[in-house]
Amino acid sequence: MKIKELSEVDSTNKYALENFDSLEDGTLVTAETQTSGKGRLGRQWISPKGNVYASYLLKGAPFPPYCASWIAGLAALYALRESFNSMGFWLKWPNDIYCGDKKICGVLCDAKTDNMNRPLGIVLGIGINLNTEKEILEAIGRPATSVYAETGCKVNKNDFVKTLYKKLTELYISGSHFEIDKIYQIWKGENIPRGRLVEAVLSENRTVTGILEDIGPQGELILNSNGNIITLHSGDVSVKNITNFKR
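Numbered as in the numbering used here, the sequence shown ends at 739 without a single skipped number.
Encoded structure:
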């Protein structure tokens, strides 16, 4: 297994980007804690010990960058389900993983380019709350949970990281053998189902609510808002009546 374990870094994605040339393709960089962890939309990722802070390197993958996030989201989802199969995990567009109505995992993808801005590869950042205490989760300010908060049982992080690495590698190999369309269909099937009422935050002052029509071939969210078709390539979405949502 190509797993590089660190004690403390500012962020595993930053470390992986800065050391991209010296790290092998398919390496998983992990850290005990991060001092400046980042989530999507520039949010801070609180990083106490006992959780997963990991970055997986893709060098020269034969598929577009947007496909890489599907691999990260599915790998984390499959690792959680294999390890804790009774907890009802589901994938919220684009690649957050929820347990019920609370977030337990986030994905952040960064592109690596050369000094001419030509693509060299992708770093898949994955943060998973395994052992975070309830008091820390409550301080985040948004609905969040951990395996420990849900079950009362501490998790062996090292064993879980091995499972995550296995899932990442399996999906990376599959995607590299021109099965990315198959991965897309699986990712789409695990995501928010068609017909659900979704609210999307487009900017600080603008939101849109609509019925999910589809998820397009590049991962874009397609909403019907009062007869108007709106296509979203990024943003923060919430699913209405989430307590009735079951995968």
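Think of the CB as a built atom: it goes at the ideal place given N, C-alpha and C, for glycine as much as any other residue.
In this text, all values refer to a predicted model and were calculated from it rather than measured experimentally.
Following the continuous alpha helix (DSSP H) through residue i, name the residue where it begins and the one where it ends.
i: residue 581; result: Careful: residue 581 lies outside any alpha helix (DSSP H), inside the beta strand (DSSP E) at 581-584.
i: residue 714; result: Unbroken run through residue 714 is the beta strand (DSSP E), 713-717; no alpha helix (DSSP H).
i: residue 682; result: 672-682
With DSSP run on the structure shown, which of helix, strand or coil describes residue i?
i: residue 622; result: coil
i: residue 724; result: strand
i: residue 496; result: strand
i: residue 573; result: helix
i: residue 707; result: strand
i: residue 568; result: helix
i: residue 702; result: strand
i: residue 578; result: coil
i: residue 512; result: helix
i: residue 538; result: coil
i: residue 553; result: coil
State the CB to CB distance for the pair residue i and residue j, rounded to an integer number of angstroms; the pair is presumed to be in contact (CB under 8 Å).
i: residue 505; j: residue 617; result: 4 Å
i: residue 622; j: residue 542; result: 6 Å
i: residue 717; j: residue 702; result: 3 Å
i: residue 668; j: residue 554; result: 6 Å
i: residue 518; j: residue 549; result: 7 Å
i: residue 561; j: residue 523; result: 21 Å between Cβ atoms; not a contact.
i: residue 585; j: residue 672; result: Contact flag wrong, Cβ pair sits at about 18 Å.
i: residue 657; j: residue 493; result: 6 Å
i: residue 704; j: residue 686; result: 6 Å
i: residue 566; j: residue 679; result: 6 Å
i: residue 619; j: residue 544; result: 7 Å
i: residue 647; j: residue 639; result: 5 Å
i: residue 578; j: residue 655; result: Incorrect: roughly 16 Å between the Cβ atoms, too far for contact.
For residue i, which residues does DSSP report across the bridge?
i: residue 547; result: 521, 617
i: residue 527; result: Residue 527 is not bridged to any residue.
i: residue 505; result: Residue 505 is not bridged to any residue.
i: residue 730; result: 691
From which residue to which residue does the beta strand (DSSP E) around residue i run?
i: residue 691; result: 689-695
Open item on the list: Give the list of continuous beta strand (DSSP E) stretches no shorter than 3 residues that lie fully inside the region 586-670.
Closed with: 588-591, 594-605, 611-620
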